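K.L.:
Sharing a structure, written as structure tokens. Questions coming.
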Amino acid sequence: MKTFCALFTQILFLLSAIAVSAQSKPTADLIITNAKVWTVDKVNPTAQAVAVLGDRVVGVGSNADVEAWHGANTRMIDAAGKLLLPGFNDAHVHFVSGGLQLDAVQLNDATSPEEFARRVGEQVKKTPKGEWIVGGDWDETKWNPAKLPTKELIDPVTPDTPVFVSRYDGHMSLANSVALRLAGITAHTKDPPGGVIVHDAQGNPTGALKDAALDYVNKVIPPLSHEQRLRAVKRALAHAASLGVTSVQDMNPDYPDIAAYSELLQRGDLTMRIYAAPLITQVDDQAKIGIGHAFGGPFLRIGALKAYADGSLGSSTAYFYEPFTDQPSNHGLLSDEMQPLSLMRDRMMKADAAGLQLCTHAIGDQAISMILDIYTEVAQAHGDADRRFRIEHAQHMAAKDFDRFAQLRVIASVQPYHAIDDGRWAEKRIGHDRASRTYAFRTFLDHGVHLALGTDWDVAPLNPMLTVYAAVTRATLDGKNRNGWFPEQKLTVPETIEAYTMGSAYAEFQEKEKGSITPGKLADLVLLSDDIFSIPQEKIRDVQVLKTIVGGKIVWAALTEGGKSVGP
Ligand SMILES: [Zn+2]
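Last residue of the sequence shown? That's 896 in this note's numbering, and every number before it is there in order.
Encoded structure:
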């Protein structure tokens with residue numbers, strides 16, 4: 329049988345070699361037929377079939393059109409009428425944090441102390457010796473009675489493993505006895521200023537630590553090892569593949585994160601494309617090497633910098649012209665990078681002179697305005713160039729600044745999921761007038777501003793279907809705005825898909841390489857379970873990914889019958 333197979337393969341090989349030389353044209357490695365192809369290419373907006381050779385799209389058209397690419401070794405996929413889109417490009421993620429969170433113990437929905445202890449015990453089995461168990465986001469108010477957890481609850485299942493699991497609000501954590509011992513906390517340890525060590529009736533620490541007391545333990549937790557980082561990235565890659573995310577733009581990675589991406593790339597295990605933007609505080613490093621924006625190859629690029637102008641709306645630290653509606657003496661906080669302002673200006677001048685791209689977190693209207701001022705000065709100082717300044721979040725706009733955004737050709741890198749999340753309470757914080765220019769996606773488009781879409785994962789879910797759902801419905805998560813919170817700012821499904829593919833590609837200088845299904849571009853594709861252009865919009869969030877293809881390779885496929893899926 330073996331001999332026959334070998335012989336048969338040889339004959340096939342010969343035949344295909346003859347076929348190739350006869351046609352004198354290479355054949356496709358992959359052809360997808362019977363699809364509803366939405367290309368995001370204005371020249372050829374819809375199609376039925378796509379041919380891929382190597383990592384590139386070579387043919388887009390009808391089944392008959394791409395048949396010319398069909399060869400003996402072409403893998404054929406019948407899409408059975410499903411929707412095929414360019415892969416999603418998430419313009420703003422925190423990729424390693426996301427991967428770490430996926431593998432961390434999940435305690436938020438543990439509804440009893442027993443369940444809490446059981447989950448910590450399960451995590452011990454998955455945790456290599458010497459590593460800490462952290463994260464968790466527990467919430468004892470979901471228990472009856474609502475009593476703070478103690479080390480006695482988890483010590484029996486964690487005899488050798490240090491545990492420091494946090495409450496969901498980040499203001500309290502629970503340490504087990506191993507962690508308390510490593511941190512040197514005993515019955516005699518004093519509360520630090522601004523912190524509390526909770527004690528039991530006998531005066532012994534219960535393991536619960538509050539605010540500044542968290543530092544006692546945090547400072548003895550070792551930094552992430554290279555192995556932990558690789559594990560987190562691999563976990564995140566598998567998650568991204570299952571969701572149809574084929575590119576991400578990674579905001580403020582640590583340098584060792586980029587080293588992990590690079591190692592996986594060299595091993596051939598990087599199944600998604602990454603553009604990394606380390607912090608602007610490290611501007612000298614990239615400037616010294618002399619690289620510019622989008623330096624690298626199709627799977628890994630650097631050459632961008634992430635800056636912070638202010639805080640967030642949720643913590644009332646976004647920097648506004650006027651005070652918060654519910655806090656008349658507070659109008660937010662500028663980040664330390666902005667104090668003094670000349671510090672930020674100098675760094676941005678240096679970055680721009682080196683040809684590096686600027687991606688600045690700015691949420692409050694005054695913070696956005698101040699960054700636009702600096703961008704203006706930078707552009708004036710260095711002359712006209714294709715620099716693609718970005719503002720990350722661009723959440724609360726002053727009416728006067730939409731025009732400036734357009735004139736400076738600044739990209740609004742926005743996260744629609746935040747709108748349906750914050751939309752539950754934002755108006756109470758900032759009032760109706762400012763809320764009307766909040767997540768103002770439609771106004772940006774009307775002004776000709778480039779939109780790039782993303783999630784801010786792991787602050788919000790990575791699932792692109794939730795982002796599309798959010799952008800087109802603006803229906804807040806509490807179910808209170810079924811017709812949309814400030815519905816005049818809704819995007820259409822085609823606009824959302826364009827911003828999530830071509831828009832994000834433009835934001836990383838890659839619109840000629842990806843973002844649409846166009847001959848010559850990278851074959852990054854996603855096949856969906858439903859046609860998001862025609863189903864009721866509230867159903868978009870339930871749409872599943874059937875296949876994810878990156879550079880012509882299938883990196884994820886759902887088995888449509890039987891539930892289990894295969895991944896990289
Ligand atoms: Zn972020």
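Think of the CB as a built atom: it goes at the ideal place given N, C-alpha and C, for glycine as much as any other residue.
If you're wondering where the values come from, they're calculated on a predicted model, not measured in any experiment.
(1) Under 8 Å, with one C-beta from each stretch per pair, do the stretch 666 to 676 and the stretch 591 to 607 reach the 3-pair mark?
(2) Q685 by DSSP, collapsed to three states: which one?
(3) Identify every residue that forms a DSSP beta bridge with D539.
(4) Determine, using beta-carbon pairs with one atom in the stretch 812 to 824 and one in the stretch 396 to 413, whether at least three such pairs fall under 8 Å.
(5) Please state the DSSP three-state secondary structure of G512.
(6) Excluding the five sequence neighbours on either side, which residues of its own chain have a C-beta within less than 8 Å of the C-beta of V561, listed in chain order?
(7) Per the contact definition of three or more C-beta pairs closer than 8 Å, is the stretch 603 to 623 in contact with the stretch 856 to 874?
(8) Suppose the cutoff is 7 Å on Cβ atoms and the five residues either side in sequence are ignored; what does the same chain contact list for A318 look like?
(9) Below 6 Å, is the gap between the Cβ of D784 and the nearest heavy atom of ligand 1?
(10) If we count the other Cβ atoms within 10 Å of its Cβ and call it buried at 16 or more, is G891 buried or exposed?
(11) With a Cβ-Cβ cutoff of 7 Å, do D638 and Y649 count as a contact?
(12) Would you mind working out which of K547, Q530, V526 sits nearest L537, comparing C-alpha positions?
(13) I'd like to know whether the C-beta atoms of D383 and A709 end up nearer to each other than 7 Å.
(14) For T361, write down the residues that DSSP places opposite it in a beta bridge.
(15) Can you give me the Cβ contacts of D465 inside the same chain, cut-off strictly under 8 Å, excluding the 5 residues immediately before and after it?
(16) Whole angstroms are fine: how far does the CA of G415 sit from the CA of V573?
(17) Mind checking R765: buried by the 16 CB within 10 Å criterion, or exposed?
(18) Whose C-beta lies closer than 6 Å to the C-beta of V462 among residues of the same chain, with five residues either side of it excluded?
(19) Whose C-beta lies closer than 7 Å to the C-beta of A632 among residues of the same chain, with five residues either side of it excluded?
(20) Using 6 Å as the cut-off, classify the Cβ of M906 as near or not near the heavy atoms of ligand 1, replying yes or no.
(21) Who are the Cβ neighbours of A754 in its own chain at under 8 Å, not counting the five residues just before and after it?
(22) Could you tell me which of R752, H760, A713 sits nearest to K737, measuring between CA atoms?
(23) Thinking C-alpha only, which one of A515, N472, V576, P520 is nearest D786?
(24) For chain C, find out if any of its Cβ atoms is closer than 7 Å to the Cβ of W466; answer yes or no.
(25) For L607 versus N580, is the C-beta spacing smaller than 7 Å?
(26) Is D693 buried or exposed, if buried means 16 or more other CB atoms sit within 10 Å of its CB?
(27) Taking three-plus beta-carbon pairs below 8 Å as touching, is the stretch 356 to 371 in contact with the stretch 840 to 848?
(28) Going by other Cβ atoms of all chains shown within 10 Å of its Cβ, with 16 needed for buried, is I617 buried or exposed?
(29) Can you pull the DSSP bridge partners for G782?
(30) Could you check if Y703 is buried or exposed, using at least 16 other CB atoms within 10 Å of its CB as the buried criterion?
(31) Under DSSP, the alpha helix (DSSP H) around L794 begins and ends at which residues?
(32) Rank A432, K634, I739, A363 by C-alpha distance to the C-alpha of F837 and give the top, closest one.
(33) Which one of V452, Q556, I549, G660 has the shortest CA to CA distance from R757?
(34) Going along the chain, which unbroken runs of the beta strand (DSSP E) with 3 or more residues stay wholly within the stretch 460 to 506?
(35) Express the C-alpha separation of G759 and K728 in angstroms, rounding to a whole number.
(36) Report the three-state DSSP secondary structure of A637 (helix, strand or coil).
P.N.:
According to the data block:
(1) The way I'd put it, the stretch 666 to 676 doesn't touch the stretch 591 to 607; fewer than three beta-carbon pairs between them come closer than 8 Å.
(2) Q685: strand per DSSP, three-state reduction.
(3) Answer is G523, bridged to D539.
(4) No: fewer than three Cβ pairs fall under 8 Å.
(5) Shown here, G512 sits in coil according to DSSP, grouped into three states, outside any helix or strand.
(6) The answer, listed in chain order, is F423, V424, G427, D585, A588, Y589, L592.
(7) The stretch 603 to 623 and the stretch 856 to 874 do not touch, with fewer than three beta-carbon pairs separated by less than 8 Å.
(8) The requested residue 318 does not occur in the structure, where the chain is confined to residues 329 to 896.
(9) Placement of the Cβ of D784 at a distance of less than 6 Å from at least one heavy atom of ligand 1 is found.
(10) Model confidence at G891 stands at a pLDDT of 46, short of 50, so the residue's coordinates are unreliable and nothing is read from them.
(11) No. Outside cutoff.
(12) Checked all of K547, Q530, V526; the closest Cα to L537 is V526.
(13) Not in contact: D383 and A709 (Cβ atoms no closer than 7 Å).
(14) T361 is bridged by DSSP to D406.
(15) Answer for D465: Q434, L435, N436, S494, R495, Y496, listed in chain order.
(16) Rounded to whole angstroms, the gap between the alpha carbons of V573 and G415 is 6 Å.
(17) Buried, since its Cβ has 16 or more Cβ neighbours within 10 Å.
(18) Correct list, in chain order: F492.
(19) Answer for A632: Y603, A605, H621, L684, Q685, C687, listed in chain order.
(20) Residue coverage of the chain in this structure runs from 329 to 896, which leaves residue 906 outside it and unanswerable.
(21) Once the five neighbours on either side are set aside, the close Cβ partners of A754 are L641, A763, T766.
(22) Per the sequence shown, the amino acid found at residue 737 is Arg instead of Lys. Comparing Cα positions, the closest option is A713.
(23) Each of A515, N472, V576, P520 was checked against the Cα of D786, and the nearest Cα belongs to V576.
(24) Protein chains in the displayed structure number just one, and chain C is not present.
(25) Yes, these two residues count as a Cβ contact at 7 Å.
(26) Residue environment: D693 is assigned as buried (16 or more neighbouring CB atoms within 10 Å of its CB, all protein chains considered).
(27) Enough Cβ pairs lie closer than 8 Å, so yes.
(28) Exposed: under 16 other Cβ atoms inside 10 Å.
(29) Looking at the DSSP assignment, G782 forms no beta bridge with any residue, so it has no partner.
(30) Classification of Y703: buried, given that the 10 Å Cβ count is 16 or more.
(31) For L794, the uninterrupted alpha helix (DSSP H) run begins and ends at 792 to 801, by DSSP.
(32) Nearest C-alpha to F837: I739.
(33) The closest CA to that of R757, considering only V452, Q556, I549, G660, is found on G660.
(34) Annotation note: the stretch 460 to 506 contains the following uninterrupted beta strand (DSSP E) runs of length 3 or greater, listed N- to C-terminal: 461 to 466, 491 to 495, 500 to 503.
(35) Between K728 and G759, the C-alpha separation is close to 18 Å.
(36) Under the three-state reduction of DSSP output, A637 falls in the coil class, being neither helix nor strand.
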